[in-house]
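Printed below as a string of structure tokens:
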């Protein structure tokens, strides 16, 4: 239907027979006004749509800025051609939060982290497992400890990347919760690149590029989830917490081998690399017991004897009544057969801090080492067992030394002293170094005269 005008009279045209009908006086003005209002309504609707689209676009961009899983990891060597990593392991925040000494431990751990970061010149912080003592946690606040853990790091504008340990999985704490909490911080580079219940969460890699730029990384950093602990809010038929396997899963091993092969093909070269995992492999245990740790050739504390490797407490058939089930063999084979992998760093055993070059077949093992260095971190937190002086392993790489697979590493203690400084190179294990002093510290404001059981029940939200 449309209007047309014949001199002073308006007609409406649109009858099915093609005839027209004169409009009553004033009707044409009403219809024209209605059409104008309709046009303005369209304009307003279109403007509103533009505004809403702009708002949604800004929200999406803000999410991009705030959530690093949508951002590339821009790690680079410094202008001097160096890249340094500070490794904090076994922080164990949240231990006995209901007792006076629990929160005090966390306060002193934060202080230690800040002091060590200020004493060094790192470009990346690695949190190598057991961030939280999940056994002591409650559902309503378990992952909030992440905020306290990363505070000394984000205050200094440093990026950080995590692996998760056996104490990061408990009836009231899940690895997924920790990852989600981490991703509230733009400094977090932790990712989940392998899906599936059996894979764990913290399996991924990061690339470190030359200072001058370029599309080919100078260094790869691999992170593996050795799992362990207990499944979140799950029990077995006997009503007991359901245990989670404590080794790097076969699906992750396959992902690692395939991804590394793709990276070699993409960059047309073997990129030197380091790896991080919380629980050490049985290769470290075999080297410790069968070969022996020399205090001058492999300097470090060696108090956790015999150490606790992956697959400890499991049987080959998946039941839990054996000393060691060998399920970490595929991971060891992958580590020992990867060209360019210079060292694997672990935590878990608070009383071990040495590095060992894994060469050849160690008695009692079937996997042959290729010279990769197996290193322990320093116990960093006042939570967790042991009174060894807290500290953090430092790793220094120089671009000019990467092709020669040379890594410098040392321990920075809470006293700010440096111990256990070694160079992981072709002659490591033959060279001699000063022995590492075995110093102890205690939380100065912690009253351990009262150690009480966890209040409430495990189902307290």
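In this note's numbering, the protein residues as written are 521 to 981.
We treat Cβ as the ideally placed atom computed from N, Cα and C, and that holds for glycine.
Since the structure is predicted, the reported quantities are computational estimates derived from the model, not experimental observations.
Grab the span of the alpha helix (DSSP H) containing residue i for me, first residue to last.
i: residue 776; result: 770 to 787
i: residue 699; result: 695 to 702
i: residue 853; result: 849 to 856
i: residue 802; result: 802 to 806
i: residue 658; result: Element bounds for residue 658: n/a, residue is neither H nor E.
From which residue to which residue does the beta strand (DSSP E) around residue i run?
i: residue 618; result: Unbroken run through residue 618: none, as it is neither H nor E.
i: residue 918; result: 911 to 918
i: residue 668; result: Careful: residue 668 lies outside any beta strand (DSSP E), inside the alpha helix (DSSP H) at 665 to 674.
i: residue 881; result: 875 to 881
i: residue 604; result: 602 to 608
i: residue 796; result: 793 to 797
i: residue 960; result: First-last for residue 960: undefined, no H or E at that position.
i: residue 753; result: 750 to 755
i: residue 932; result: 927 to 933
i: residue 938; result: 938 to 944
i: residue 863; result: 861 to 866
i: residue 889; result: 888 to 896
i: residue 727; result: 724 to 729
i: residue 686; result: Counting along the chain, residue 686 falls outside any beta strand (DSSP E), and DSSP gives it neither H nor E.
Short of 6 Å in beta carbon distance, which residues of its chain neighbour residue i, apart from the five on each side in sequence? Order them along the chain.
i: residue 693; result: 654, 657, 662
i: residue 770; result: 850
i: residue 724; result: 711, 713, 743
i: residue 965; result: 624
i: residue 768; result: 744, 746, 851
Does the Cβ-Cβ distance between residue i and residue j come in under 7 Å?
i: residue 761; j: residue 649; result: no
i: residue 866; j: residue 800; result: yes
i: residue 973; j: residue 606; result: no
i: residue 792; j: residue 944; result: no
i: residue 689; j: residue 722; result: no
i: residue 863; j: residue 897; result: no
i: residue 953; j: residue 816; result: yes
i: residue 758; j: residue 748; result: no
i: residue 746; j: residue 830; result: yes
i: residue 597; j: residue 647; result: no
i: residue 907; j: residue 960; result: yes
i: residue 668; j: residue 684; result: no
Got a sec? Which residues, its chain only, sit under 8 Å from residue i by beta carbon, not counting five neighbours each side?
i: residue 707; result: 588, 670, 673, 674, 677, 678, 679, 680
i: residue 963; result: 621, 624, 625, 628, 902
i: residue 715; result: none
i: residue 700; result: 663
i: residue 614; result: 622, 626, 652, 653, 654, 656, 657, 662, 665, 903
i: residue 920; result: 601
i: residue 975; result: 618
Spatial neighbours of residue i within its chain, please: C-beta separation below 7 Å, excluding the five flanking residues on both sides.
i: residue 880; result: 888, 889
i: residue 697; result: 662, 663
i: residue 773; result: 850, 851, 854
i: residue 810; result: 882, 883, 884
i: residue 641; result: 604
i: residue 777; result: 854
i: residue 860; result: 790, 791, 792, 793
i: residue 932; result: 636, 639, 640, 911, 912, 914, 938
i: residue 755; result: 761, 762
i: residue 617; result: 623, 656
i: residue 984; result: No answer is possible for residue 984: the residues shown for the chain start at 521 and end at 981.
i: residue 955; result: 815, 816, 819
i: residue 967; result: 620, 621
i: residue 841; result: 835
Nearest by alpha-carbon distance to residue i: which of the options is it?
i: residue 872; options: 608, 791, 808, 667; result: 808
i: residue 691; options: 910, 659, 913; result: 659
i: residue 821; options: 776, 845, 869, 734; result: 869
i: residue 603; options: 712, 878, 698, 731; result: 731
i: residue 750; options: 778, 718, 740; result: 718
i: residue 857; options: 701, 633, 834, 878; result: 878
i: residue 742; options: 779, 753, 736, 767; result: 779
i: residue 941; options: 615, 734, 916; result: 916
i: residue 737; options: 768, 926, 788, 700; result: 788
i: residue 595; options: 633, 729, 695, 969; result: 729
i: residue 824; options: 837, 775, 946, 874; result: 874
i: residue 946; options: 775, 934, 926, 752; result: 926
i: residue 599; options: 610, 631, 918, 786; result: 918
i: residue 631; options: 935, 970, 969; result: 935
i: residue 610; options: 832, 909, 970; result: 909
i: residue 833; options: 781, 766, 804, 891; result: 766
i: residue 752; options: 785, 969, 786, 720; result: 720
i: residue 950; options: 891, 969, 970; result: 891
Can you give the beta carbon distance from residue i to residue j, rounded, assuming they're within the 8 Å contact cut?
i: residue 855; j: residue 795; result: 7 Å
i: residue 612; j: residue 703; result: Residue 612 to residue 703, Cβ: 22 Å. No contact.
i: residue 740; j: residue 727; result: 6 Å
i: residue 813; j: residue 905; result: Contact doesn't hold; Cβ gap of about 20 Å is too wide.
i: residue 804; j: residue 827; result: 6 Å
i: residue 929; j: residue 895; result: 7 Å
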